[in-house]
Structures are given as structure tokens and as C-alpha cells.
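Written below as C-alpha cells is the structure these notes are about.
Number of protein chains: 2
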Amino acid sequence: MQGGDRFIDGYLLYLLARASSIASAEFHQEIRRCGYTVAHWRVLAALKGIDGVTVGDLADICLANQPAISKTIEKLVGMGLVERSSDDTDRRRVRVCLTRDGDAAVDLLIAAAREHQARLVDAMGHDETTALVRALTRVIERSVAG
Amino acid sequence: MQGGDRFIDGYLLYLLARASSIASAEFHQEIRRCGYTVAHWRVLAALKGIDGVTVGDLADICLANQPAISKTIEKLVGMGLVERSSDDTDRRRVRVCLTRDGDAAVDLLIAAAREHQARLVDAMGHDETTALVRALTRVIERSVAG
DNA sequence: CTTATAATTATTCCTTTTCATACAATAACG
DNA sequence: CGTTATTGTATGAAAAGGAATAATTATAAG
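Each protein sequence line maps, in turn, to chains A and B. When you line the first sequence up against the working numbering, it's residues 1 to 146, in that order. When you line the second sequence up against the working numbering, it's residues 1001 to 1146, in that order.
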């Protein structure tokens, strides 16, 4: 796409963003084919297997800001995939849960995600994958700490 | 933020996206403090040291789609940081270059980016960093191939 | 040369995100 | 208690992003 010695080629954050973007592109397309947005998918996946997550926690988990999550939840409620309930101990908080339909929908998406991941891991090799996981985990630790 | 064994905790694409998001958050905030958006920064950084890049190539490099880049370029032209010129050999193509002001502006941003990266590499350690770069490079290779 | 197909960028329309703010509930403090 | 601060969520206006398409230029085929 270009030779030379561009700044961005040695820039770590660019490499990270590019790897994430490229690796996710294919599966994100599959999500859209299923009739969901990436934002939908992230919220649904974050809710899988958990009784109730607050809006703020969802924002952290889904790498989005709070208003965006509020609106995504509103959509998912309209689609019948998610429901809100107020927390009894702190009535400011809104606990978000999957509905029965939402749970079934996310199961399908998670199955597709697992298949996609299996193909990626297969292409990369097991050792390379564990090296990647270790490195990414360290990035997260160090970034949060620093 | 939650214990349990959530699906997303073992999901590689989520780990990638999360690492990228967290690692970039601090510097992206610095970009905004300087009066730029992340989109501005990516285009400017992609242009540094290159005579002229087409809109389509910028879209690839900047991990955005083509219309988004067209609009970002329009903004940057208005800010006097970038200029368009038509390619003589193919008049469909638009070659985008940094202006003198744009070059000076991106130099400051790149200096800040280098400092930020130096701090991150320092926190991670040299060996861990090279392991990360190797792993990310492999992800990109394998994803593009597959 | 003409027509058809492909490639490149801009534009349009609609959805989504973002920023700021408002509102409600809790916490802290005198 | 009453008052002020802080926290959690929703809302509204403005900006950005994305999908589809239009417009222009290149290339290929006949």
C-alpha cells in the first residue's frame, strides 16, 4: 500500500488499532448480515450469563460512552432482546438483562463468534495465540496502571 | 468490574479491541486537547513524509471508509492543513498532501505520540513490546490471508 | 469508435455517536 | 435533619459515521 518509512508503521497504537480492525472486520460483517449492529452485539455479548449489568458498567465493557449505551439499550428493548429493571438498593441504577429471546439470539451470535475465533486461532497457531493474549493482557494492565 | 466466566473474557477480538481502546484513550484525549479529532490525527499522520496519498488509500490506512475520509479531508482543507490536487495520470484520483501548516501541526502531534509511546514501552518492557509487535503483525497477516 | 464495465471520489440520506446538560438518587457534612 | 456534592442515567442538539448512489474518468470488448 506504500513503501517508505512512514511514521505510522512504527507506531504501536496504530498497529494495535489496525490489528483489531482487520481481525474484526469479517465477523462484524457477519453480525450485520444477521441484522444486528456491532453495538448491539457488544451489549448482548456483555450481558450473556450475567443476571444484571448497570448502564455504566456496560459502557465500560462495551468500549463506548454512557449515552451511546443508553440509546443502544433502548433499541434492544424495542427489539425485545433486553429488559431494564431498577436496582432496589440504589434506585439510580438501571439493571439490564437479556430476555428469553435475547438470550437465544446472543447464543447464535456467540456460536458464530466461537467458530470465527477457532478459524483465526487455527490460522495463527496455538503458541502464537497464547503469546498474543499474554501481550494484550499486559498492554491493558500497563495502560490502566500508567 | 465483574467476576464470573463471561464469554467476552475469553474472546480474542474483544481482548484486541479492549487493548486498543484502553491503550489509545489517553493519547486520544491529548489529541482532543490540541483541538483535533482522532480522524484528523489519523489522516495527518498518514500523510506525514509522503508526497501525495489518494483518498482510497487514506481510507485503508486510517481504518475508515471512503466517504468518511472525503469528509475529514474537506475539514482539514478548511483548516488549511491539507490540500487536494488531481492526479495527472488518472484524473479520477485525488492526491492529498500536507500543507506547510499541516506539516508543522503533525510534527507536534507526532512528537507527542512518540513521547506517549515511549512511556508505554517503558511500562511494558522492551521484550514484551517486541512480543506484542510480533503477535499483532501475525494477526494482521493471518486475518488478511484468511 | 462505440458501448459496456470497472474504478475513484463526492454527495445524499439516514443512523449513530458525542458533548453538554438535566434530572433523580445517594452520600457527605455541617 | 437540611444543605451541598457526587453519582448514575436519560435526553437533546450537533457532529460524525455508514450505506447507497451519483458523477466522472479509465479500461476493455466488440
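A virtual CB, placed ideally from N, CA and C, is assigned to each residue, including glycine. Predicted model, so just to flag it, every value in this text is computed and none were measured.
Inset, instruction - Could you tell me which chain B residues have their CB closer than 9 Å to the CB of residue 49(A), listed as they occur along the chain? - result: Residue numbering aside, residue 49(A) sits at position 49 when the first sequence is read from its first letter. The contacting residues are 1004, 1005, 1006, 1007.
Inset, instruction - Kindly list, in the order they appear in chain B, the residues whose Cβ is closer than 7 Å to that of residue 18(A). - result: Within the first sequence, the letter at position 18 stands for residue 18(A). 1063, 1140, listed in chain order.
Legend entry - Pairwise C-alpha distance: residue 1082(B) and residue 1049(B): Counting from one through the second sequence, the residue named residue 1049(B) turns up at place 49. Counting from one through the second sequence, the residue named residue 1082(B) turns up at place 82. Distance between the alpha carbons of residue 1049(B) and residue 1082(B) is about 13 Å.
Inset, instruction - Using a Cβ cut-off of 8 Å (strictly closer), state whether residue 143(A) contacts chain B. - result: The count along the first sequence starts at 1 and reaches residue 143(A) at position 143. True, the Cβ-Cβ gap to chain B drops below 8 Å.
Inset, instruction - Put residue 1099(B) into one of helix, strand or coil per three-state DSSP. - result: Here residue 1099(B) corresponds to residue number 99 of the second sequence, with the count starting at 1. In the structure shown, residue 1099(B) adopts coil according to DSSP, grouped into three states.
Inset, instruction - Provide the residue span of the beta strand (DSSP E) that contains residue 1084(B), from first to last. - result: Within the second sequence, numbered from 1, the residue matching residue 1084(B) stands at position 84. Its beta strand (DSSP E) spans residues 1082-1086.
Legend entry - Contact with chain A by residue 1083(B), beta-carbon distance below 8 Å: The count along the second sequence starts at 1 and reaches residue 1083(B) at position 83. With 8 Å as the cut-off, residue 1083(B) does not count as an interface residue toward chain A.
Legend entry - C-beta contact flag for residue 1091(B) and residue 1073(B) at 8 Å: Here the question's residue 1091(B) lines up with position 91 in the second sequence. Here the question's residue 1073(B) lines up with position 73 in the second sequence. Against a cut-off of 8 Å, the Cβ pair of residue 1073(B) and residue 1091(B) comes out as no contact.
Inset, instruction - Give the interface partners of residue 1011(B) over in chain A, defined as CB-CB distance under 8 Å, in chain order. - result: Reading the second sequence from its first residue, position 11 is the one you call residue 1011(B). Those are 45, 113, 117, listed as they occur along chain A.
Legend entry - As assigned by DSSP and simplified to three states, the class of residue 54(A): Walking along the first sequence from the start, residue 54(A) turns up at place 54. Three-state result, residue 54(A): strand.
Inset, instruction - Determine, using beta carbons only, whether residue 124(A) comes closer than 8 Å to chain B. - result: Locating residue 124(A) in the first sequence gives position 124, where the first residue counts as 1. At a cut-off of 8 Å between beta carbons, residue 124(A) contacts chain B.
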